[in-house]
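Report on one structure; see the data block that follows.
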Amino acid sequence: MFGSGLKDARVVVQVAGLDGAPLFYVDHQDGAPVAVVAPDGTVIGRFQYDLAGVARQMAGGGAGRGMLGALAGAAAMRHRLLDASDRPLCELAWEMRRTGAGENLRWVPVACDYTDMNRQRIAHADVKEATFKDRYALQLMYQLPEPLRTLVIASPLAFDLTRS
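Residue numbers (numbering that gives the first Met the number 0): 0 to 163.
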């Protein structure tokens, strides 16, 4: 979405309602989880890479389908949504697709399933990758409680900021 070229710079994106009033901010600094912040400056929660979840996913494929199978067949990418006290609220499992060939081979995200900590699917996002900005279609399966609702809505922006 953003080809800012800012590299390690801090980026803060304001999300506003139709009346122009801020709803929340998405705050990204390289090397830290992306923070979702309320208009009054309090942290609502965080969007964080889930390295342990990736390791579990890659190891869970059974004999011959662990790390080597994942490297040969499919990339794994996972994130977590954490509340303001860093308690996990939701896990994001990305579906990746291999594109290109030869030296231009790469993995791109095409979809994401959101599950709560009871493994209930609560949302789904489709990703349309483009040269200048990606498009995300986010579908909530239920009315979600706060802060989970705001964190899920903010997550495509947070994800995009981590890729810039």
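By construction, the Cβ of each residue, glycine as well, lies at the ideal position given by its N, Cα and C atoms. It should be emphasised that the depicted structure is a prediction, and the values quoted were computed from it without experimental measurement.
Report task. Might you give, ordered along the chain, the residues of its own chain that have their beta carbon closer than 8 angstroms to the beta carbon of Met140, omitting 5 neighbours on each side? Result -> So the list reads Arg120, Ile121, Ala122, His123, once near-sequence residues are dropped.
Report task. Go ahead and label Ala100 buried or exposed: buried means 16 or more other beta carbons lie within 10 angstroms of its beta carbon, across all protein chains shown. Result -> Burial check for Ala100: the Cβ neighbour count within 10 Å stays below 16, so the residue is exposed.
Requested in this report: Taking the CB atoms as reference points, tell me whether Asp82 and Pro146 lie closer together than 8 angstroms.
Outcome: The beta carbons of Asp82 and Pro146 sit closer together than 8 angstroms.
Report task. Note down the Cα distance separating His27 from Thr149, rounded to an integer number of angstroms. Result -> Their Cα atoms are separated by approximately 16 angstroms.
Query raised in the report: Out of curiosity, what's the CA-to-CA distance linking Gly30 and Gly19?
Result: Between Gly30 and Gly19, the C-alpha separation is close to 31 angstroms.
Query - Cα-Cα separation, Arg9 to Pro21 - result: In a straight line, the C-alpha of Arg9 is about 19 angstroms away from that of Pro21.
Query raised in the report: Hey, does Phe23 have any beta-carbon neighbour from chain D nearer than 8 angstroms?
Result: Absent from the structure is chain D; it holds one protein chain and no more.
Query raised in the report: Straight-line CA distance for Cys89 to Asp115?
Result: If you take the alpha carbons of Cys89 and Asp115, they lie about 4 angstroms apart.
**Report entry** Backbone CA spacing between Ala136 and Val42 [nearest angstrom]
**Finding:** The straight-line gap from Cα to Cα measures roughly 25 angstroms.
Query raised in the report: Just how far apart, CA to CA, sit Pro87 and Met76?
Result: So the two alpha carbons sit approximately 17 angstroms from each other.
Query raised in the report: Going straight from the alpha carbon of Leu91 to that of Val11, what length do you get?
Result: Rounded to whole angstroms, Leu91 to Val11 spans 22 angstroms at the Cα level.
Report task. Could you tell me the distance, in whole angstroms, from the CA atom of Asn103 to the CA atom of Asp39? Result -> Rounded to whole angstroms, Asn103 to Asp39 spans 44 angstroms at the Cα level.
Query raised in the report: Mind checking whether Val107 and Glu128 have CB atoms under 8 angstroms apart?
Result: For the 8 angstroms CB-CB criterion, Val107 and Glu128 form a contact.
Report task. Name, in chain order, the residues that DSSP records as bridge partners for Arg9. Result -> Note: Arg9 sits in no beta bridge, so no partner.
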